[in-house]
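Chains A, Y and L supply the protein sequences, listed in that same order. Just so we're on the same page, our numbering is the position in the first sequence counted from 1, plus 7. Just so we're on the same page, our numbering is the position in the second sequence counted from 1, plus 40. Just so we're on the same page, our numbering is the position in the third sequence counted from 1, plus 11.
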Amino acid sequence: MIGAGGLGCATVLALLAQPKISGLDRIILVDPDQVELSNLHRQVLFTMEDLGADKVQCVAQQVEKSRADWQVVPVVRRLQGVGDIVAMADGCELIVDGSDNVTTRFEANDAALQRSIPLVHGAAIGFRGQLMTLLPGQSACLRCLFYGPPATEGASCRSDGVLGPLVGEVGWLMAMEVVKILTQQGAPLLNRLLTIDGQKQRRHTVPLQKRAGCTGCGNLGLLA
Amino acid sequence: MHRYSRQIILPQIGGVGQKKLQTSHLCLVGAGAVGYPFFLYGSGSGIQQWTLLEPDPSLAERLVKEARRRDPSITVTVLPFAHLADTLNSGLQTGQWSAVVEASNDFAIHHKVVTLCHRQPTPLHTAWLSAGIGWLACSPCPCSLPPPSTSPHRASPFEAMGMGLIGTQLAQQVILTILGNNPTEKKAPWQGFQLESGTFSTQQANCGPECPTCRDGSTP
Amino acid sequence: MNSDEWIDITAEHCPMTFVRVKLKLEEMASGQTLSVRLNPGEPLANVPRSLQEENYLVSPPQASGNSFIIYVTKP
């Protein structure tokens with residue numbers, strides 16, 4: 008699981024709400040950050056008592072309290088590219104990407120393709136959220152849809168703003184995707200991008216398809 | 041202010057919107073699988089004044105304890121659930137609440153609250169999970185309620201998570217209502233999310249001339 | 012250039028730099044001008060751009076000692 012911020016907190020909370028999830032016993036949680044006051048409006052696993060502490064440690068403690076059968080491995084550091092994610096995901100059955108930047112999202116996509124394991128992708132900014140699941144070889148990847156990260160990222164204070172419960176919704180949906188993949192029940196968001204417009208309260212699923220010549224899955228010979 | 045900085049920088053909220061959130065007062069019915077996540081995100085966004093009606097004292101206690109741990113400026117007044125109708129009626133008459141939020145997921149309570157709040161000026165945000173579909177609406181007519189799930193084996197394997205999910209969606213809609221900008225207000229259709237397939241549906245929330253609830257002499 | 016109000020955000024970090032300016036501008040009337048003292052680097056790169064995205068008129072930055080001044084007019 009990449010990121011223990013708003014999406015990571017919500018995903019973990021939702022997984023904790025589910026009584027039994029077969030196939031889930033270990034979560035490697037990676038995030039370099041510590042809890043800050045401005046996190047609390049959306050990262051609802053944390054409270055004032057956690058300020059300054061490593062996010063991944065706080066999440067691990069919360070999980071320990073409620074699920075003795077799960078092992079959370081907290082990793083306090085920033086992931087360094089695709090190779091690092093591939094190595095970190097050794098032995099994992101899926102990657103959950105709740106990172107806060109576009110570059111890491113594409114790196115997580117590429118790592119999932121290299122490892123040939125599913126990726127649950129979620130993102131939220133302002134009043135907008137999106138979600139999809141990648142099953143390498145079977146469904147469209149992030150690069151089929153968005154090609155690649157922009158040359159320059161962010162650089163606007165406004166881009167840091169986000170509605171707390173919208174992040175919560177995306178995180179909760181990500182957890183649902185995790186359970187669908189692990190338990191093989193229900194239909195995950197394969198070849199579908201779920202978009203949420205929080206301001207208009209509209210939710211749509213956009214059909215996707217694998218793109219010929221995609222630099223992600225196409226390069227690995229995974230196109231059908 | 042620092043705590044809410046990521047909201048204040050949103051053009052749709054700003055300092056004015058944040059003040060509205062922090063001075064609002066919600067009546068929450070239910071502090072369980074829907075109400076608790078709703079409270080986490082609602083209080084996280086800055087809503088500080090809460091009136092709680094919850095039949096299970098341990099759930100009410102959990103929420104109060106959590107509020108204290110999160111922010112000392114949050115006040116939660118727990119009122120006796122046995123007087124649900126009286127409490128709601130008196131609160132609705134005084135207009136003290138910015139909104140009523142029904143998050144019980146018990147069909148009898150759900151129906152009662154929707155009926156009591158019907159045609160009241162205070163908006164009611166309500167949600168309901170039935171046969172794997174999470175439904176949300178604002179001030180719907182009681183005649184439009186999605187049916188209760190009668191068959192336990194039809195329950196979705198994602199039921200527990202689905203309740204938290206609709207809690208987060210409810211919180212978004214309530215925030216928009218407090219900001220005076222809720223597109224789902226005024227009896228828009230119920231919005232449904234099918235948990236297993238990840239698809240959406242809608243169900244009419246408006247009542248027509250044939251509505252049994254509204255056929256009481258007044259114009260629907 | 013004259014301003015109706017002023018604010019110094021040299022002690023703040025993102026996103027509070029922008030939040031302080033935004034809150035100050037919300038208190039002001041349309042047509043009024045706010046002078047903002049800000050640090051080079053991240054605040055100078057981000058705050059004017061964020062204000063322009065919200066349709067404020069922002070003057071080119073002027074160096075003033077170790078910091079910069081921008082003038083922001085509320086539309």
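Beta carbons are placed, not taken as given, at the ideal position from N, Cα and C, and that holds for glycine.
Among the residues of chain Y, those whose CB is under 8 Å from the CB of residue 29 of chain L are 49, following chain order. The contact set of residue 184 of chain Y on chain L, defined by CB atoms closer than 7 Å, is empty, because the minimum CB distance reaches about 39 Å. In this structure, residue 198 of chain A sits near residue 147 of chain A, with a CB-CB distance shorter than 7 Å. Burial state of residue 207 of chain Y is buried, judged by a 10 Å Cβ sphere holding 16 or more other Cβ atoms. Taken in chain order, the members of the stretch 200-231 of chain A whose beta-carbon sits within less than 7 Å of a beta-carbon on chain Y are 201, 205, 206, 207, 208, 210, 212. With fewer than 16 other Cβ atoms from the protein chains shown falling within 10 Å of its own Cβ, residue 154 of chain A counts as exposed. Here residue 203 of chain A is not near residue 195 of chain A, since their CB atoms are 7 Å or more apart. In the three-state DSSP reduction, residue 56 of chain Y falls in the helix class (H, G or I). If you ignore the 5 residues before and after residue 81 of chain A, its C-beta comes within less than 6 Å of the C-beta of 36, 63, 64, 67, all in its own chain and listed in chain order. Of the candidates Y/140, Y/53, Y/124, Y/140 places its Cα closest to the Cα of residue 78 of chain Y. Where residue 55 of chain A is concerned, there is no enclosing beta strand (DSSP E), because DSSP gives it neither an H nor an E. With its beta carbon at least 7 Å from every one in chain L, residue 57 of chain Y lies outside the interface. Under the criterion of beta carbons closer than 8 Å, residue 18 of chain L and residue 54 of chain L do not qualify as touching, at roughly 12 Å. At a cut-off of 7 Å between beta carbons, residue 84 of chain Y makes no contact with chain L. Inclusion of residue 23 of chain L and residue 51 of chain Y in the CB contact set at 7 Å is not warranted, their separation being larger than that value. The continuous alpha helix (DSSP H) containing residue 98 of chain Y extends over residues 97-110.
DSSP places residue 67 of chain A outside any beta strand (DSSP E); the residue lies instead in the alpha helix (DSSP H), whose first and last residues are 62-73.
A direct Cα-Cα distance of roughly 45 Å separates residue 102 of chain Y from residue 40 of chain L. Close to residue 176 of chain A, with beta-carbon spacing below 8 Å, are these residues of chain Y in chain order: 205, 208, 209, 212. Assigned with DSSP and collapsed to three states, residue 211 of chain A falls in strand. Ranked by Cα distance from residue 237 of chain Y, the first of A/216, A/191, A/208, A/206 is A/191. Between the alpha carbons of residue 128 of chain Y and residue 156 of chain Y lies a distance of about 7 Å. In its own chain, leaving out the 5 sequence neighbours on each side, no residue places its CB closer than 7 Å to the CB of residue 74 of chain L. Chain Y has a Cβ within less than 7 Å of the Cβ of residue 37 of chain L. Restricted to the stretch 150-192 of chain Y, the beta strand (DSSP E) segments that are unbroken, complete and at least 3 residues in length are 164-170, 173-178, listed in chain order.
In this structure residue 49 of chain Y is in contact with residue 30 of chain L, their Cβ atoms being roughly 6 Å apart against a cut-off of 8 Å.
At a beta-carbon threshold of 7 Å, the residues of chain Y lying near residue 180 of chain A are 205, ordered along the chain. In this structure, residue 171 of chain A keeps its C-beta atom at 7 Å or more from the C-beta atom of residue 64 of chain Y.
With respect to residue 69 of chain A, residue 47 of chain A sits apart: the two C-beta atoms are not nearer than 7 Å. Contact annotation: in the stretch 136-150 of chain Y, no residue has its CB less than 8 Å from a CB in chain A. Of the other Cβ atoms in all chains shown, 16 or more fall within 10 Å of the Cβ of residue 38 of chain A; this residue is therefore buried. Residue 65 of chain L belongs to the set of residues whose beta carbon lies under 7 Å from a beta carbon in chain Y.
Judged by DSSP secondary structure, residue 113 of chain A falls within the alpha helix (DSSP H) whose first and last residues are 109-122. For residue 76 of chain Y, the enclosing alpha helix (DSSP H) starts and ends at 75-84. The beta strand (DSSP E) runs lying completely inside the stretch 12-40 of chain A and spanning 3 residues or more are 33-37, given in chain order. The Cβ atoms of residue 233 of chain Y and residue 174 of chain Y sit closer than 7 Å to each other.
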